[in-house]
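Enquirer: Chains A and B, in that order, give the protein sequences.
Residues in the first sequence are numbered from 5 upward in steps of one, following our numbering.
Residues in the second sequence are numbered from 92 upward in steps of one, following our numbering.
Glycine included, C-beta positions come from ideal geometry on N, C-alpha and C.
For reference, the structure I am asking about is given below.
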Amino acid sequence: MESVPAPTLTLPQIGFMPSSIPSGDFFQLLLYVALLIYVIFTGILFYHWFAYASDKKVATATYAAYLIITVPMILTLITTSVIIN
Amino acid sequence: MLLESLDLEPGEDILIVVRKHWFVLACELAGVLVVALLPIILLNIFLGVSGAYGVLTVDTSAYTSEITFVTTLWLLFSVFSGFVVWTHYFLDLWIVTDRRIISVEQIHFFNRNVAIFRLERLQDIEFTIKGLIATFFNYGTISAQTAGHMEANFTSKGMPNPDRLQATIQKAMDARLSELNNRPNLSASEVAGE
């Protein structure tokens with residue numbers, strides 16, 4: 005019996021990405037929303053630690069860890085968004 | 092900072108500051124980690140299984156940037172969750188002084204409950220350690236009841252060494268009561284440290 009090759013599907017075909025809007029615009033929109041959420045979340049987080057933390061050293065370590073982890077992620081998002089466009 | 096804004100009474104000393112047990116934090120962070128990695132693991136399983144059994148082949152090579160973008164975005168939101176867990180853990184605490192118990196409960200961002208109970212009004216303090224893991228790591232629920240017009244209860248789960256905390260509070264309460272009994276002419280404002 006002759007084997008039938010498996011069909012090759014693209015990501016929009018499996019519902020990973022919407023196919024109705026250009027992918028560049030879609031990811032740019034996602035980036036802006038993500039940046040907005042990031043700024044708001046960062047403000048809230050820093051405010052809580054500034055106002056309510058009982059230990060200055062732990063608060064400073066938390067600010068540093070947060071920025072060290074998230075800033076490269078934001079840069080990755082911006083870079084990949086530029087590449088997609 | 093919290094301790095600066097607490098406005099301790101003159102001569103009031105902090106005896107102990109207690110946060111939830113580290114195991115409670117570890118469990119919550121492990122949950123965040125699983126959620127963070129789940130889509131990546133599922134995608135790899137899906138691609139691996141579908142490719143291995145020849146059901147279908149999904150061409151992802153042309154979408155490396157898109158996949159990187161979505162994965163990074165997912166991880167970023169997972170990191171947010173991790174920091175929310177850490178913030179709630181650290182800002183949620185009990186401060187036991189030689190005159191009061193200050194219970195700070197950080198329920199969510201912008202949902203914070205601070206309760207202050209004077210030791211002389213404390214009626215009963217009890218703890219429960221329930222379950223194998225809690226017994227092994229020695230953490231449990233501690234609850235206290237105060238006397239007043241409206242009886243107030245406050246309870247905290249996942250507190251480390253609840254037996255030691257109970258003993259510390261009991262000792263501080265006895266010391267406070269004996270101090271007040273030795274100075275019976277104190278006015279209400281003096282009792283309150285004003």
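I'd like the span of the alpha helix (DSSP H) that includes Gly28(A), first residue to last.
Expert: It spans 27–56 - the alpha helix (DSSP H) in which Gly28(A) sits, taken as one unbroken run.
Enquirer: Measuring CB atoms only, is the stretch 188–199 of chain B touching the stretch 261–273 of chain B, in the sense that at least three cross pairs come out at less than 8 Å?
Expert: Contact between the stretch 188–199 of chain B and the stretch 261–273 of chain B is present, because at least three Cβ pairs lie under 8 Å.
Enquirer: When Cβ atoms are compared, which residues of the stretch 113–134 of chain B fall closer than 7 Å to chain A?
Expert: Under the 7 Å Cβ criterion, the stretch 113–134 of chain B contributes no residue.
Enquirer: Should Leu81(A) be flagged as near chain B, meaning a C-beta pair shorter than 8 Å?
Expert: For Leu81(A), the answer is yes, since a Cβ of chain B falls inside 8 Å of its Cβ.
Enquirer: Reducing DSSP to helix, strand and coil, say where Asp98(B) ends up.
Expert: In this structure, Asp98(B) counts as coil in the three-state DSSP scheme.
Enquirer: Along chain D, which residues have their Cβ under 7 Å away from the Cβ of Ser156(B)?
Expert: Although the question refers to chain D, the structure presented lacks it and instead comprises the protein chains A and B.
Enquirer: Does the count of Cβ pairs from the stretch 242–258 of chain B and the stretch 216–234 of chain B closer than 8 Å reach three?
Expert: At 8 Å Cβ cutoff, the stretches touch.
Enquirer: Residue range of the alpha helix (DSSP H) that Asn273(B) falls in?
Expert: Here the alpha helix (DSSP H) through Asn273(B) covers 253–273.
Enquirer: Just to confirm my understanding: we take Lys221(B), look at its own chain, exclude 5 residues before and 5 after, and list those with CB closer than 8 Å. What are they?
Expert: Gly231, Thr232.
Enquirer: Got a sec? Which residues, its chain only, sit under 6 Å from Asp215(B) by beta carbon, not counting five neighbours each side?
Expert: These residues qualify, in order along the chain: Gln236.
Enquirer: By Cβ distance, which residues of its chain are closer than 6 Å to Arg110(B), with the 5 residues on each side in sequence left out?
Expert: Within the same chain, Arg110(B) has close Cβ partners Leu184.
Enquirer: Within 8 Å of any Cβ in chain B, is that where the Cβ of Tyr70(A) sits?
Expert: Output row for Tyr70(A): interface = yes.
Enquirer: Look at the alpha carbon of Gln257(B) and the alpha carbon of Val86(A), and state the distance between them as a whole number of angstroms.
Expert: Near 58 Å, if we compare the C-alpha coordinates of Val86(A) and Gln257(B).
Enquirer: Please report how far the alpha carbon of Leu33(A) lies from the alpha carbon of Pro26(A), in whole angstroms.
Expert: Their backbone Cα atoms lie some 11 Å apart in a straight line.
Enquirer: Between Phe30(A) and Leu106(B), what straight-line distance do the alpha-carbon atoms span, to the nearest angstrom?
Expert: Taking the straight line joining both Cα atoms gives about 56 Å.
Enquirer: Could you tell me the alpha carbon to alpha carbon distance between Pro253(B) and His112(B), rounded to whole angstroms?
Expert: When rounded, the distance between both Cα atoms is 10 Å.
Enquirer: Using a beta-carbon distance cut-off of less than 9 Å, what residues from the stretch 163–185 of chain B approach chain A?
Expert: Per Cβ criterion, the list reads Thr163, Leu164, Leu166, Leu167, Phe168, Val170, Phe171, Gly173, Phe174, Val175, Trp177, Thr178, Phe181, Leu182, Leu184.
Enquirer: List, in chain order, every chain A residue whose beta-carbon is nearer than 8 Å to that of Val108(B).
Expert: Within chain A, the residues near Val108(B) are Ser58.
Enquirer: Should Ile207(B) go down as buried or exposed, given a rule of 16 or more other Cβ atoms within 10 Å for buried?
Expert: That one is exposed.
Enquirer: Given Gln261(B), which residues of its chain have a CB within under 8 Å of its CB, disregarding the five upstream and five downstream residues?
Expert: Answer for Gln261(B): Ile216, listed in chain order.
Enquirer: Measuring alpha carbon to alpha carbon, tell me which of Arg203(B), Phe201(B), Ser194(B), Ile224(B) ends up nearest Leu210(B).
Expert: Measuring from the Cα of Leu210(B), the nearest candidate turns out to be Ser194(B).
Enquirer: Could you give the DSSP three-state label for Ala65(A): helix, strand or coil?
Expert: Helix, per DSSP.
Enquirer: Using DSSP with H/G/I as helix, E/B as strand and the rest coil, what is Tyr288(B)?
Expert: Limits of chain B in this structure are 92 at one end and 285 at the other, which puts residue 288(B) out of reach.
Enquirer: Report the CB separation of Phe228(B) from Phe114(B) in whole angstroms; it is logged as a contact under 8 Å.
Expert: Going by Cβ atoms, the distance from Phe228(B) to Phe114(B) rounds to 5 Å, so yes, they are a contact pair.
Enquirer: Taking 8 Å as the cut-off, decide whether the C-beta atoms of Ser58(A) and Val205(B) are in contact.
Expert: No, the pair does not count as a contact, with Cβ atoms beyond the cut-off.
Enquirer: When burial is assigned at 16 or more other CB atoms within 10 Å of the CB, is Gly122(B) buried or exposed?
Expert: By the 10 Å Cβ count, Gly122(B) comes out exposed.
Enquirer: How many angstroms separate the CA atom of Val75(A) from the CA atom of Arg203(B)?
Expert: Val75(A) and Arg203(B): Cα-Cα distance of roughly 29 Å.
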